[in-house]
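First residue of the sequence shown? That's 121 in this note's numbering, and the numbers climb one at a time after it.
What follows is a set of notes on a single structure, which appears directly below.
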Amino acid sequence: MATILQIETATQVCSVALSIDGKTIGLKEEIGQNLHASNLTLFIDDVIKTAALTYQDLDAVAVSKGPGSYTGLRIGVSTAKGLCYALDKPLIAIETLKMMAAGFVVENQFSGLICPMIDARRMEVYTSVFDAELNVFENTSAKIIDETSFANLLATNKIAFLGDGAAKCADTLQHANASFSEANFNSAKYMSSLANHAFQQADFEDVAYFEPFYLKDFVATQPKKKI
């Protein structure tokens, strides 16, 4: 029996879940800007206490590894690594976009392709494409979306677009085969089956060296100098 703590901080959603054998038994989450640093450890403590468990009852810690917000990912991964060090538990990393696609599959009956999108400023998104069995159909990349994006796939496939990146692209990607979901799939509860599978396969990360999957280098913006 695997009891896994799950952390998702790749977007504006601060989400913590607890699962046993791939079934979610606890969830605490909130959506908003700059929540992760102040709320994450409180949410973790809350889901563990609510489940009447202790930290030592955990078998592993799973974290959403990205792509996504640079700051959010660093907070989530740093917290997960700290717990693994302190508790001597293994670390599991879950691809954020795959987690989103898994959530869509759980909540919907759909036989087409699934395209999760994370907002990456302006008309750029972090995205990949999966089939309904969560097999990778198109690898993760940063795309600037225009009217021709996914045209070849849409010509022969129904595609469900989801995530905060999809919301801003809905007007641009108008097509008979395109559908858009407004539901939140950036939730730690959608890691449960993926994390349990990784645990059973002993698919663990090296806690000392693991880093988030940023996809793009972080670029700090500098204020313009007044002349």
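All C-beta atoms, glycine included, are put in the ideal place defined by N, C-alpha and C.
Neighbour-count burial assignment, residue i, 16 or more Cβ in a 10 Å radius
i	result
G259	Note that residue 259 is Asn in the sequence shown, not Gly. By the 10 Å Cβ count, N259 comes out exposed.
I264	exposed
N255	exposed
T247	buried
S312	buried
T276	exposed
D266	exposed
G285	buried
A240	buried
Q132	buried
Q176	exposed
G146	buried
Q229	exposed
Y329	exposed
T199	buried
A262	exposed
A213	buried
S189	buried
Y310	buried
Residue i (DSSP reduced to helix, strand or coil)
i	result
Y329	coil
T131	coil
M311	helix
I265	coil
N259	strand
F305	coil
I124	strand
L282	strand
E227	helix
T292	coil
F319	helix
M243	coil
L335	coil
A233	Per the sequence shown, residue 233 should be read as Leu rather than Ala. DSSP places L233 in strand when its eight states are reduced to three.
A287	helix
A252	coil
Cβ separation of residue i and residue j, assumed to be a contact under 8 Å, to the nearest whole Å
i	j	result
S301	A280	6 Å
L193	A130	6 Å
L282	G186	Not really, about 17 Å apart at Cβ, beyond 8 Å.
L274	A298	6 Å
I195	A157	6 Å
N304	I124	Not really, about 21 Å apart at Cβ, beyond 8 Å.
F348	K218	Nothing about residue 348 can be read from this structure; the chain reaches only from 121 to 347.
Any non-hydrogen atom of the ligand SAM within 8 Å of residue i CB
i	result
A262	What this structure holds is no ligand at all, so the ligand SAM is not there to describe.
Would the stretch 164-183 and the stretch 126-144 be scored as touching if the rule is three or more Cβ pairs under 8 Å?
yes
Would you be able to state if there are at least three C-beta pairs under 8 Å between the stretch 311-321 and the stretch 146-155?
no
If we count Cβ pairs, one from each stretch, closer than 8 Å, do we get three or more for the stretch 205-222 versus the stretch 175-187?
yes
Three or more C-beta pairs below 8 Å linking the stretch 289-296 and the stretch 212-224:
no
Those runs of the alpha helix (DSSP H) which lie wholly inside the stretch 127-214 and span at least 4 residues
156-170, 190-207
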